[in-house]
Every structure is written in structure tokens, then in C-alpha cells.
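Novice: Using the working numbering, read the sequence shown as starting at 891 and increasing by one per residue. Don't be surprised by glycine CBs; every beta carbon is placed ideally from N, CA and C. In this text, all values refer to a predicted model and were calculated from it rather than measured experimentally.
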Amino acid sequence: MPAKEHLWRRGSTYYFRMRFPRDLLRAGVAVMVNGKPQKHEVKFSLNTSDYREAVGLVATHSAIWTDELAKRRRELNDKKRLDHQNGLIATSCKSSPAAEVPDVLSDERIRAIVISAFISSQQYSAKIIDGSRGEEKEDRFDRLADLSRALVAYQGGDEKTLPADLHSSLRRHLSLYGLENLPEESDAFQSLLRGYRAALIEDTNRLMHYLDSGSPAEFDSQFRGIHAASPMPDTGAGATVDELLKDFDKDQHNRGVSESTHKANVPVFRALREFFGPHTPLSKITQKEMRDFFDFVDKIPVNCQQRYPKKKLAEAITLEAESPSPQLLAPKTLKMYHGRVVTMWRHAMDLEWVKNNPASIRLIASRYVVEEKSKRQSFTIEELNTIFHAPLYTGCEGDLDGWNKPGANVLKRGRFWVPLLALFQGFRCNEACQLEIADIGEKEGIPIINITDESDDEETDHKRVKNSTSRTHVPIHPTILKMGFLDFVNQRKTAGVGSLFPELPRDKSGVYSSTFSKWFGRFLDKTFEAKGTKTKSTFHCFRHTFRDAALIADIGSEAADRLGRWKTVGGTGRLYGNGFPLSVLRDKLALIEFAGVDFSHLIPTPPRVRNTVYPEGHPKHI
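#1: Tell me which residue opens and which closes the beta strand (DSSP E) that Gln1267 is part of.
#2: Looking at the structure shown, is Ser935 part of a helix, part of a strand, or coil, going by DSSP?
#3: Give me, in chain order, the residues of the same chain whose beta-carbon lies closer than 6 Å to that of Trp898; leave out the 5 immediate sequence neighbours on both sides.
#4: So what does DSSP say about Ile1341, is it helix, strand or coil?
#5: Report yes if the CB atom of Ser952 is closer than 9 Å to the CB atom of Thr903, and no otherwise.
#6: Restricting to Cα atoms, I'd like to know which of Asp1036, Glu965, Ile954 is closest to Arg942.
#7: From this set, Gly1021, Asp1139, Gly1104, Lys1245, which residue's C-alpha is nearest Pro1123's C-alpha?
#8: How many angstroms separate the CA atom of His1363 from the CA atom of Ala1420?
#9: Beta carbon of Thr1176, beta carbon of Pro1121: below 9 Å?
#10: Any idea what DSSP makes of His1117, helix, strand or coil?
#11: Do the region 1374–1392 and the region 1235–1244 touch if we need at least three Cβ pairs shorter than 8 Å?
#12: Is the distance from the Cβ of Tyr1227 to the Cβ of Val1192 below 9 Å?
#13: Going by C-alpha distance, which of Pro1073, Asn1095, Ser1006 is nearest Leu1034?
#14: Pro1157: buried (16+ other C-beta within 10 angstroms of its C-beta) or exposed?
#15: Hey, out of Met1373, Glu1334, Asp1377, whose CA is closest to Leu1475's CA?
#16: If you measure between the beta carbons of Tyr1283 and Val1308, is that distance less than 9 Å?
#17: For Ala1154, collect the residues of the same chain with a Cβ closer than 8 Å to its Cβ; drop the 5 residues on either side in sequence, then sort them by chain order.
#18: Starting from Glu1332, trace the beta strand (DSSP E) both ways and give me its first and last residue.
#19: So Val846 and Leu1097 are supposed to be a Cβ contact under 8 Å. How far apart are they, rounded?
#20: Within 10 angstroms of the Cβ of Thr1495, are there 16 or more other Cβ atoms? Answer buried if so, exposed if not.
#21: Give the DSSP-derived three-state secondary structure of His1169 in the structure shown.
#22: Is there contact here, the region 1309–1325 with the region 1394–1403, by at least three beta-carbon pairs under 8 Å?
#23: Would you list the one or two residues that DSSP bridges to Gln928?
#24: For Gln1196, count neighbouring Cβ atoms within 10 angstroms of its own Cβ and tell me buried if that reaches 16, exposed if not.
#25: What are the residues that DSSP puts in a beta bridge with Tyr1014?
#26: Express the C-alpha separation of Ala1443 and Ile1493 in angstroms, rounding to a whole number.
#27: Note down the Cα distance separating Phe910 from Val1147, rounded to an integer number of angstroms.
#28: Under a three-way DSSP split, which group does Thr1151 fall into?
#29: Per DSSP, which one or two residues make a beta bridge with Leu1282?
#30: I believe Leu1390 touches Ile1327 by the beta-carbon criterion, under 8 Å. Please report the beta-carbon distance rounded to the nearest angstrom.
#31: Can you check DSSP and say which residues form a bridge with Trp898?
#32: On the criterion of 16 or more Cβ atoms from any shown chain inside 10 Å, does Gln1315 qualify as buried, or is it exposed?
#33: Cutting at 7 Å between CB atoms, please list the residues of its own chain near His1169, excluding the five before and the five after it.
#34: Just verifying my parser: in three-state terms, what is the DSSP assignment at Ser1404?
#35: What is the residue span of the beta strand (DSSP E) that Pro1368 lies within?
#36: In or out: Gln1045 buried (at least 16 other Cβ within 10 Å) or exposed?
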């Protein structure tokens, strides 16, 4: 019956609960419920433990919130159409959501979706039956009367005169499979509506019979042998490779992943489309086919798009194989391909398009394990001394040009401070480079740095953080303070510049880290070459070094995670409480040291105070 869809009980109290349609979820639309924004579902207490009263309240709220969410969807679609007309949507997203949904579904997939809806209804009915045991006869009669009215509504008239909530209920079920925008006039939607209607009629008939007689019964032959304990069918039958890639890409856009992640997806999407074909059903891709795919990926040439611009991947592979020294994708890149394909198929599992993940099997995963020795290591004490005694830190000709040539200038700007912030604060490269003056402040009398993707400059949208854990504030290490960091910040304030390091360039996507990391690689090469040595370290090794120093200081893994903005791995107990006070974090950060590294030349010497010595008896003698 319609009301039961949104009725949920926790303990003895009934709640109203209505999930957002998938398009609202993806768009991040929020509605206010009792003064609080909700982005995933409408949920609130009905403040009753009486089932009959709860059913009546749910019916009322279902009508209210169905209309409200329908209104929000209309507003969203109107905005999309307007954006499309104004040319504000990227070419890859110009078609409306409805246009991306296939009008034709296989009979197999329609049947699977209907059966899954029926099993879900049967599971809910089983809960009603359990809750009715020991119920008063009068209450049971009332319940049967409600069911009878629902049955009449389902059975009466044709599809065009069915209750409006039946259509919205079907749309919500279809949203589980990315089909919420299936055109209502399409044959596929009408077939689903007929099947969904039959499923609700059969479920209601079975429930009424059991409540009345105490014994199970079946009525409609198309649901014979199917019940609450039946396994869910493969509702993804017919969902294709192209559907998965489009849905996955849209989901990543809505989750706000970085531009670099989208770029990294492009070659993986291409390989999947070219190898399997865009219209191949996901259900047809077995473990063997997936192993064959990764055999194919292993042979893809490096920089394939640039070196073979007009060739299919298969053609490029053939041409590269003829080369005396083929250049293929690096192990790290192959691992990235594998990880993304695993994630895409996991997304398909979440949508119930597939039952398992053929890319995650051991035979495939074991091929892409990066050797421990090839992972980035921490800097050694000798390496840190070499880095921070380079001309950039002891005196050079200039920090933009001539940074590797000894000179009289120690210019405390971006190239000076960013490596130090990475070492003493555990900052990622982009986190340090994108800092603004407004990010440096004080809280509870403690100097802090805010790590955020928000900017005081309304025209700036380049600031990024890696994840929600990264968005926080941290105390400033006392050694950084001794080096004159706050004096540098005050100088920048006086200059009236918003960015802390305005001289640092960004790449085309607005990210600092790629250009700074490349420069730092050259800096390391030149610096160690001058010492007659080499290093395989990179900028990110500062973060590993910070972590190791935190372990040596024995500040505890949770404090280290909080200071370095790592996601804490552990039980649910770590989710409770307010976390570390800022003063505790300051004290723990101060324990992180790099014994054996000489920073004394970077700490300004305070001016000597010369006291005048007066003889005893002199008026100024103390």
C-alpha cells in the first residue's frame, strides 16, 4: 500500500522517510526539514508508536513531500534547459538527463526490475506480518480495510487513471538503476508500470490473505514461487558499458572530484569502449573477458594519444610492437587503470547493474601491485641538510632565476616557504602553494593555518583540498614561527596582495602542484648534482618525512592523523567526541623535530640588547 513505503520504525517510534530521486541526489539539492538541511532523504519522527495513526500521518506527508520533490525536480530540469540554451553546459553534458536514458529496455531487464520491486514489497509485508502477531482483532480488521482500499485503487481503471503516487513510487524504484528519467510515453516505462502494478496487487492480495487466514497463498502466476526470501534478480541485465561510463562520470562530477581525476579517467574510458564496445551489456563481461582486457591494457603504448593521434588503440599496439624498443605504460599507470576499472564496476554493483566485480579478482589485482621499494620514501637527514643548505636557503642570485647559483639574496617567498611548510606542517604541495593571507590567523591565542577550498577573492575558484578530512585548521610549528613566518605574512598584508605566494604559477586547470613539483624536481637534480650525488626523492617525500617524525615523537596516531589531515582508520569510537583541543595539538606538533638537520641559518638572530653599566651611586644605577 502507498503509505507503507515511507513508514519506518525505530524502537517503538514511527518515522517518515522518503529518499530523494537520483537526479536530486546528484545535483546536491537540499530541502529544509524542521530547520535542518537534508540532501539525501526526507526523514523525521512522526512522534507516535501507534501503527494506525502512523499510517494516516504517512499518507498525508507522502502527498506533501511527493509534490515538494516533484517541484524541486521541475526547477532542476528548468535550470538545466536554461543552461543548455545559454551554452553554459559543457559539450559532453549538453543533452538533457532524459535523453541519456534509453527508451528501449530488454524484456529480461524489465522483468528483473519488476521482480526486484515485488521481492522488496514482500520483505516489507513480512515485517508487517511479524508486527501483527498478538494484535487485537479490531486492529486487524482496520488494517485489512486499509489494504482493501489500496487494492481497489491498484485494480481500478487503466494505467492512465492509476493513483499518482503509484507513478512516483515506480520512479523512485527506477532511480535505483539510473532510469528515473525514463520517458513516460515510452514502451519500456509502460511495460514497467504494468508489471509494477501487478506486483503491488499480488503483494497486497498475499498480505490480506495471510492476515485473514494465517496461511500463505499465491494468486498471480507470474510471481509463482517468488517471496521475501527469494534472491534478487540481475536488474542490470542490459545495462551497457557506455551507460556505466556516463553514469560514473556524472557521479564523479556531482561529487566534485578534481579536474586531474577527470583527465585520468579519459584514457581508461577510451580503452573500455574500444575493447568491449560501447553497447556490450555489463552482464556479459566475465572474469575471463576482464583478464583479456587487462592483457590488452598491458600493451598500450605510453603517450598513445600524442604518438598515434588518428589510430585506434589496437592499431597503436600493433605499431608499437614492431618497434625495436616498445615504450609501454609504466607500472604505476597500469595500477591506476586497474584501480579505476575496479571503482567503476563497484559503482555498477551499487546500482545493482552487476552482481560481482570481475576486475577485483586476485589473478588481475596481483598483476598491479607496486613494489614497496618503488614507493616514495622519506628524506634522509643528509638529504634534508643538502636541501636546506642549497643556495636558495643560504644565498642565491634570485629565487625565480639563479636559485641554484650562490649569491647574496635569501628571498623568503613561495619557493623558500613551501618546502618548509611541507616538512614542518605535513602540507601537500597544492595546500601550501594556494595559501592566502586570510588563511593565516589566530584561535584561542594560538597561531593557525586554515586549510580550505574557500577564498576571500570572489573571482578565485582555484583552491582545492584533497578530501573533507583535509579541510581544517592546524597550529603553526614553533620552528616555522621562529623562522619569521608571521613577519612574512604581515609584509604580504602590507603589500595588499590576497595570495601568500602570488609569484607561483598555476597550470591550465588552475592547480599549483604540477608546476611547483616539476620545478622542485629540477631543484633537487641541480642541488644534489652540485654535491656529486643523486636522489630519487620527490616533493611528496616531505609528507612521508613528517609522518615518520610524528611516529618518532610518539604523539599518537590519532594526533598525527589530525595534524597531517589523514583519514583516521579505526572503529566507530573515533567518530565520537570533539577531538583534540587546539592547545593539545600545538603541544604535540612542537614535539615533531628533525634531529640532525641544521636550520639555524634560517632563524633570524634577534638584535643584541646592550645595557649601559653605571657605577654604584649613579642616579640610573639599578
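Specialist: Quick answer:
#1: Looking at the DSSP string, Gln1267 is not in any beta strand (DSSP E), and its letter there is neither H nor E.
#2: strand
#3: Tyr905, Arg907
#4: strand
#5: no
#6: Asp1036
#7: Lys1245
#8: 38 Å
#9: no
#10: coil
#11: no
#12: no
#13: Asn1095
#14: buried
#15: Glu1334
#16: no
#17: Met1226, Arg1230
#18: 1330–1333
#19: Outside the modelled stretch of the chain, which goes from 891 to 1512, sits residue 846, for which no answer is possible.
#20: exposed
#21: coil
#22: yes
#23: Val921
#24: exposed
#25: None, per the DSSP bridge assignment.
#26: 22 Å
#27: 22 Å
#28: helix
#29: Beta-bridge pairing links Leu1282 to no other residue.
#30: 6 Å
#31: Tyr905
#32: buried
#33: Thr1130, Asp1132
#34: helix
#35: No beta strand (DSSP E) contains Pro1368, which is instead part of the alpha helix (DSSP H) from 1368–1372.
#36: exposed
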